[in-house]
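Going by my numbering, the sequence shown opens with residue 6, and the numbers climb by one from there.
Just so it is clear, CB atoms sit at the ideal spot from N, CA and C, and this is done for glycine as well.
Since the structure comes first, as structure tokens, the remarks are kept for the end.
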Amino acid sequence: MKRNAENIEFGGKIVMRCVVKISWLAVLALLGAEEALAQQALPAIHVGGHQKATSAASRRPTQPTPPRSPLISGPVSSANLGGGGASFLAPGAQIERGPTGVNGYFAGGTSSALKMNTKLMDLPQSVSIITQQQLQDRNSISLGQALTYVPGVNIAQGEGQRDEVVIRGQRTSSDFYLDNVRDDAEYYRDLYNIQSVEVLKGPSAVTFGRGGAGGVVNRVTKKADGVRTRALEFSTGSFGRKRVTVDLGDKINNELAYRLNGLYEQSYSYRNFYNLERWGVNPAVTWKPSEKTYISAQYEHFRDRRVLDRGIPSVNYLNTLPNAGTAYQTYNALANANAAYLFPGYPAPTNNWTYFGNPDASHSSVNVDRGVIFLDHTFDNNINVKNQTVYANYDKFYQNAYAGGPVNFNSGSTPYLGATSSASGTCPSTTGNTPYATGALAPCTPIVGYNNYTPRQNWFNQMDFTYKFNMFPDVEHNLLAGWEIGNQKSTGNRNEARFNNSSFGAAARVNAYFFQPTVWNPVYYDQPNFRRHTNLDLMAGYAMDQIKITKYVDLLAGVRFDSFNIKYTNNLGAVSLSGVNTAGVVTSGTGVVTSSYNNYWGQEINNATNRVSPRLGLVIKPIEKLSFYAAYSRSFLPGGSGADQFTNLTLTTRGLEPQAFMNMEGGFKYEITPSLMLTGAIYNLRRTNQIVNDGTFYSTLIDSDTNGAEVALTGKVNDDWNTSVGYSNQRPYVTNSNKTFSTIYENVQRIGAPGTIVVSDNGRVVPLVPFNMFNCWNKYDFSNVLGQKKETLGLGVGVIYNTKQYASLDNAVIVPGYVRVDGAAYFKVTENIIGQVNIENILGANYYVSAHNNNNIMPGSPRAAYLTMNAKF
6 MKRNAENIEF GGKIVMRCVV KISWLAVLAL LGAEEALAQQ ALPAIHVGGH QKATSAASRR
66 PTQPTPPRSP LISGPVSSAN LGGGGASFLA PGAQIERGPT GVNGYFAGGT SSALKMNTKL
126 MDLPQSVSII TQQQLQDRNS ISLGQALTYV PGVNIAQGEG QRDEVVIRGQ RTSSDFYLDN
186 VRDDAEYYRD LYNIQSVEVL KGPSAVTFGR GGAGGVVNRV TKKADGVRTR ALEFSTGSFG
246 RKRVTVDLGD KINNELAYRL NGLYEQSYSY RNFYNLERWG VNPAVTWKPS EKTYISAQYE
306 HFRDRRVLDR GIPSVNYLNT LPNAGTAYQT YNALANANAA YLFPGYPAPT NNWTYFGNPD
366 ASHSSVNVDR GVIFLDHTFD NNINVKNQTV YANYDKFYQN AYAGGPVNFN SGSTPYLGAT
426 SSASGTCPST TGNTPYATGA LAPCTPIVGY NNYTPRQNWF NQMDFTYKFN MFPDVEHNLL
486 AGWEIGNQKS TGNRNEARFN NSSFGAAARV NAYFFQPTVW NPVYYDQPNF RRHTNLDLMA
546 GYAMDQIKIT KYVDLLAGVR FDSFNIKYTN NLGAVSLSGV NTAGVVTSGT GVVTSSYNNY
606 WGQEINNATN RVSPRLGLVI KPIEKLSFYA AYSRSFLPGG SGADQFTNLT LTTRGLEPQA
666 FMNMEGGFKY EITPSLMLTG AIYNLRRTNQ IVNDGTFYST LIDSDTNGAE VALTGKVNDD
726 WNTSVGYSNQ RPYVTNSNKT FSTIYENVQR IGAPGTIVVS DNGRVVPLVP FNMFNCWNKY
786 DFSNVLGQKK ETLGLGVGVI YNTKQYASLD NAVIVPGYVR VDGAAYFKVT ENIIGQVNIE
846 NILGANYYVS AHNNNNIMPG SPRAAYLTMN AKF
């Protein structure tokens, strides 16, 4: 079997290399044969009618590219807006993909959703586009900040070391893309080189491949489009922020253009001991050998160093009652799951700056190196070919000592909330896996820790062919066909912490006194937990046709076939289990883990998955400015991989069916003015076979169902007023759960103590999803009112409202809802220097902005102000 697996892997690599060579040879051959093809151009196809032929020469541009207008209705890259002088691109052309028809906060179309230029009015999908103007006005410098004002999207904490979002009830750390290519490593993304951010909601497997259960987030980089750009930006403000960015670009001649973006930041935070330092550089160049050919290359190097902060733990106030310790000591334990549901906990009552854990032993670092070569060529027969090759190396390491459990205010028979007793004013240390010291009267919380080295290497090649033609005189087709191949290599080397100079294998945690939760105990990360390596090969082919049947009806149909081969290697020795016999059956209690996975050293597990993902959409336009749509789409994740990062595969999970996502959606889009759009959608999103870690060493298979609705108003109300308003209502529930298996131990069944009935998760609310979310950001330019030039003075105001959410699947802890008010003032210093002041949380609300689980909850920022100066020269 092993030899067969090796043969399959070897054969797969040969096929992938051949496909890469064939794709580039095909591009070169097509380019070399252009003149021959022009002489024998593919005519438009017409059945049942006659149409006058158009010569290839008549389609060639006969006039030079005109200067760019502030209002662009055609498919021009958003990167081409806001510079000085005209682009050297041909009219209607754009380098790579991104929003189109951009004006202020408004984007009339995108070429990312379907890999073809498509107006949003004609797209059977809900899409939120955050333009460059909106990013600047809100002073959004990170991806999390940019997504704060998007309806239906919530920000997860990501353990304080990565971007993690919840889109339509689906949590993900991997559904991130950069210019339509997967950027799925776990790190915090900066926006210094980003032109716009797109959120394409609902599964989009035909375009983006696996995953994307609730949608995907696509960042669009600033391109070397030949527009003269000279910008230097400096930002400073609360908590020691110091940040500078530079953006330079121009055309060298009529065939060459360059772009250079750079960043350096050193900042602190309202959170004690927190700081970060990051810098990045992103040069890009574009070569235009002809009016219909663009070849671009870019490289990015990005570094991020920061203190890792996982927030504060929770507390259950039922546990503060007399004699409650014995009956309700660990409120989220299996035997008390129903009690936890009826009497949930809340974030611990502490200051928003309090650090739980050891900041000296908690930090993360990432180095990103990413190179891209992109080719775009249009033949005289209207066939367009795009080829993109990406290689990315992510060197990531993090370690943390953090709150690993709730605050225990009453572990004895009498509650103790003060700090005056000399006998119990400090928490005694405990060893092993004992959460709390028996009889400890002072409020305590356990501090645990681990580190993890998680490098990843990605390479992808995408080849797309698009062709516009008429099958019948009035039936227009916009056809896409292409393939994607790639390889991802991932490593995970995790070590558990030990404290207080203890012997190896002991002191897996230390108790911290609640009123002094920052600990400085010696921490050693030298107890191996796992050593994993994953090699993923993928090959995919896809086709999609956007059909304009009449001027009132459009049809979208697409399909994609994906083939995956995952090889998982475990390089950790055997484990020992207490309370689990050699057959893997719990014999006493619930079983205690004293090491990690019961796979032998060097064990290799292979899993092959082939899947077909369809997509259908219907758009009806009763009038030119109004469209209604209905859509159906499906996506998947290969079975048994645990999560969307493919970091764990066992003999048990290898046989699991792939996770499946099915989305049914209906909606409308109304173009109130040429630069203001109202959109709305209702949807049902079903997810099956999801593996969820419930906080123990066991995992659960669940199915979930999310019903939701959202509405958004985005764009320019008039020349002085930009607006972005959104509301979403979501109801995500678990519809089925299976807790009688483990993703880690072969044949280990999840049971409680003898005679205990396992509590089902059916009916629980999917975590980190507020039922109601409202956001609104408005900017008004008062220059005309004051009789001054444009951008002399402007004001902005924003409101964010989220209802409560649960921190974990057990629904044991509630993260309260909140209202936050933000503001901004914009002013012109000189003709070339514009300043702005952004104030976050003007009213000083106390709130919690995100969570990772029941005991990693992040308090929101107090009132903070930032000054930004932008010079263009």
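*asked:* Would F779 and Y806 be called neighbours here (beta carbons separated by less than 8 Å)?
replied: Against a cut-off of 8 Å, the Cβ pair of Y806 and F779 comes out as a contact.
_Residue range of the unbroken beta strand (DSSP E) whose run includes D559_ = Looking at the DSSP string, the run of the beta strand (DSSP E) that includes D559 is V558 to N575.
_Between the alpha carbons of E796 and R691, how many angstroms are there, rounded?_
So the two alpha carbons sit approximately 47 Å from each other.
*Starting from M544, follow its DSSP beta bridges and name the residues at the other end.*
Bridge partners of M544: I490 and S568.
*Starting from the Cα of E353, find the closest Cα among T450, M468 and L119 and give me that residue.*
Residue identity check: residue 353 is Ala in the sequence provided, not Glu. In terms of Cα proximity to A353, the closest of T450, M468 and L119 is T450.
*Leaving out the 5 sequence neighbours to the left and right, which residues in its chain are closer than 6 Å to W726 when beta-carbon positions are compared?*
Correct list, in chain order: Y785.
*asked:* Going by DSSP, what residue range makes up the alpha helix (DSSP H) through G149?
replied: G149 -> alpha helix (DSSP H) spans L148 to L152.
*T443 versus L773: straight-line alpha-carbon distance, rounded*: Model confidence at T443 stands at a pLDDT of 43, short of 50, so the residue's coordinates are unreliable; what they give is reported in the following sentence. For T443 and L773, the distance between alpha carbons rounds to 33 Å.
_Whole angstroms are fine: how far does the CA of Q793 sit from the CA of L880?_
No information on residue 880 is available, as it lies outside the stretch 6 to 878 that the chain covers here.
*In whole angstroms, what is the alpha-carbon distance linking A545 and N858?*
In a straight line, the C-alpha of A545 is about 35 Å away from that of N858.
_Cβ-Cβ distance between F278 and I317 below 8 Å_ = Cβ distance not < 8 Å, so F278 and I317 don't count as in contact.
*Terminal residues of the continuous alpha helix (DSSP H) containing T212?*
A210 to F213 is the span of the alpha helix (DSSP H), which, as asked, contains T212.
_CA nearest to the CA of V222, picked from P288, V211 and N185_ = For V222, the nearest C-alpha among the options comes from N185.
*So what does DSSP say about T459, is it helix, strand or coil?*
T459 falls in the coil class under three-state DSSP.
*When the Cα of G163 is compared with those of A869, N860, N526 and A876, which residue comes out closest?*
If you compare the alpha carbons of A869, N860, N526 and A876 with that of G163, the shortest gap goes to N860.
*Can you have a look at A517 and say buried or exposed, based on whether 16 or more other CB atoms are within 10 angstroms of its CB?*
By the Cβ-count criterion, A517 is buried, with 16 or more other Cβ atoms from all chains shown falling within 10 Å of its own Cβ.
*For the beta strand (DSSP E) that Q735 lies in, which residues bound it at each end?*
In the DSSP assignment, Q735 falls within the beta strand (DSSP E) that extends over W726 to N743.
*In the structure shown, what three-state DSSP assignment does Q695 receive?*
In the structure shown, Q695 sits in a strand (DSSP, three-state: E or B).
_Assigned secondary structure, S243 (DSSP; H/G/I helix, E/B strand, else coil)_ = Here S243 sits in helix by DSSP.
*asked:* Runs of 3 residues minimum, wholly inside the segment 167-227: which ones carry the beta strand (DSSP E) assignment?
replied: Taking only runs of at least 3 residues, the beta strand (DSSP E) segments lying wholly in the segment 167-227 are 170-172, 175-177, 181-183, 199-206 and 220-226.
_I452 classed as buried or exposed, judged by whether at least 16 other C-beta atoms fall within 10 angstroms_ = I452 is buried by the Cβ-count criterion.
*Identify the continuous beta strand (DSSP E) that holds L621 and give its terminal residues.*
In the DSSP annotation of this structure, the continuous segment of the beta strand (DSSP E) that includes L621 starts and ends at Q608 to I628.
_Does D188 pass the burial test, meaning 16 or more other C-beta atoms within 10 Å, or should it be called exposed?_
Buried is the call here.
*Would you decide whether K26 is buried or exposed? Buried here means 16 or more other CB atoms lie within 10 Å of its CB.*
Residue placement at K26 is poorly supported in this model, since its pLDDT is 49, which falls under 50; the coordinates are not used for a value here.
*Whose C-beta lies closer than 7 Å to the C-beta of N534 among residues of the same chain, with five residues either side of it excluded?*
Within the same chain, N534 has close Cβ partners Y455, R499, N500, E501 and S601.
*Pairwise C-alpha distance: A876 and A445*: Because A445 sits at a pLDDT of 45, beneath the cut-off of 50, its placement in the model cannot be relied upon, and the following sentence gives the value as read from the coordinates. Their backbone Cα atoms lie some 60 Å apart in a straight line.
*Return no unless some Cβ of chain B is closer than 8 Å to the Cβ of V515.*
Judged by its chain identifiers, the structure shown contains no chain B, having just a single protein chain.
*asked:* With the cut-off set at 8 Å, would you say S92 and D255 are in Cβ contact?
replied: With contacts defined as CB atoms closer than 8 Å, S92 and D255 fail to qualify as a contacting pair.
*Hey, L541 and S568 are a contact pair by Cβ (cut 8 Å); roughly how many whole angstroms apart?*
S568 and L541 do not touch by the CB rule: their CB atoms are close to 11 Å apart, not below 8 Å.
*asked:* Just verifying my parser: in three-state terms, what is the DSSP assignment at A714?
replied: For A714, the three-state secondary structure derived from DSSP is strand.
_Of the residues N122, T234, A118 and D766, the one placed nearest F252, counting alpha carbons only_ = A small correction: the amino acid at residue 252 is Asp; Phe does not occupy that position in the sequence shown. Of the residues N122, T234, A118 and D766, the one whose Cα lies closest to the Cα of D252 is T234.
*Report the three-state DSSP secondary structure of M121 (helix, strand or coil).*
The answer is coil: DSSP assigns M121 none of H, G, I, E or B.
*Just tell me which of I554, W488 and T153 has its CA closest to the CA of D479.*
Answer by Cα proximity: I554.
*Report yes if the CB atom of A486 is closer than 8 Å to the CB atom of F474, and no otherwise.*
In this structure, A486 lies away from F474, with their beta-carbon atoms at least 8 Å apart.
*Which same chain residues, not among the five before or five after Q493, have their C-beta less than 6 Å away from its C-beta?*
Here the set comprises N463 and L541.
_Simplified DSSP assignment, three categories, for T658_ = Helix, per DSSP.
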